[in-house]
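Below is one structure, written out as structure tokens; comments come after it.
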Amino acid sequence: SREFMQQTEKLTVVGELAAGIAHEIRNPLTSLKGFTQLLGDRIDSNQDYMDIMITEIERINTIVSELLLLAKPRRMDFHEINIAMVLKNIITLMEAQANLYGVTLKCEYCDDLPEFIIHGEENKLKQVFINILKNAIEAMEQGGDILISAQPIGNEIEITFIDSGCGIPPELLSKVGQPFFTTKEKGTGLGLMVCHSIIESHQGTMVIDSVRGKGTTVSIKLPLYQTQLKTIEYSS
Ligand code: ADP
Ligand code: MG
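Read in order, the letters of the sequence shown are residues 96 to 331 in our numbering.
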């Protein structure tokens, strides 16, 4: 399995740099895309070439957007959130896209998940779940089920995503999550790196287990919000 180790310092430097560069790249990219489209409409150019140019510009834009999300040293907007609810919302959001690829999202006890309160940033955690589900869907060319579950273990909540997709060969497992590592033609190789960075900022852990040809399990553990602590404070 692939455990994501503490790389905080490295990631912070990469993040700062990436955010700065990403910002600078975005504006010229937008005008480049605009003028390319305009040119395509104006001159009698080869439409295939124009389409390739625009697709490639969009690809750069995707990479740049993901890099921007790595912007690290900014204030986190942490709140008490019900992680079960966040998970449910994401499943609802992704269901249609999954079905389009013949994939069904199955959430164990989804309708009666108890409240699991954690301290975190809702949008960031949503982004993590979306990235993981996208990977799972992309790995299941034949379609199938993705099993999603959440259960408390000690002071933590464990959220697992189990797909029955292509899996990851053992020799590649250690590369997964490294910046720009991708096996996809249109991949950026930044999704899991962003996930890891977000989970780490929530004092959580992320582990990937995979068997080639069988499927992949992504497990995330996040500390539950210690409401007991308040009780202790009051009683002393
Ligand atoms: P991207 O999706 O853009 O390739 P990610 O960081 O999200 O970048 O994933 C990196 C690589 O990890 C993928 O290209 C793929 O090879 C592998 N991977 C991630 N999730 C899965 C999965 N659920 N099943 C199989 N392979 C996966
Ligand atoms: Mg991805």
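For glycine and all other residues, C-beta sits at the position ideal for the given N, C-alpha and C.
Distance between P209 and N177, taken at the CA atoms: about 9 Å. At the C-beta level, G262 and G308 come within 8 Å of one another. Counting the other Cβ atoms within 10 Å of the Cβ of T283 gives 16 or more, which makes it buried.
The secondary-structure analysis by DSSP pairs H214 across a beta bridge with E175. Per DSSP, reduced to three states, the secondary structure at V302 is strand. Within the DSSP bridge table, the entry for I248 names E251 as partners.
Residue environment for K279: exposed (fewer than 16 other C-beta atoms within 10 angstroms of its C-beta). CA-CA distance, G310 to V271, rounds to 15 Å. D207 and L112 have their C-alpha atoms some 43 Å from each other. Around the beta-carbon of R137, fewer than 16 other beta-carbon atoms lie within 10 Å, marking it exposed. Taken through DSSP and simplified to helix, strand or coil, V181 comes out as helix.
Straight-line spacing of the CA atoms in Y196 and M189 works out to 11 Å.
For N184, the Cβ stays outside the 7 Å cut-off from all heavy atoms of the ligand MG. Inter-residue distance for I294 and L287 is about 10 Å (C-alpha atoms, whole angstroms). Within the chosen limit of 7 Å, the ligand MG reaches the beta carbon of K229 through at least one heavy atom.
Less than 8 Å divides the Cβ of R154 from the Cβ of K281.
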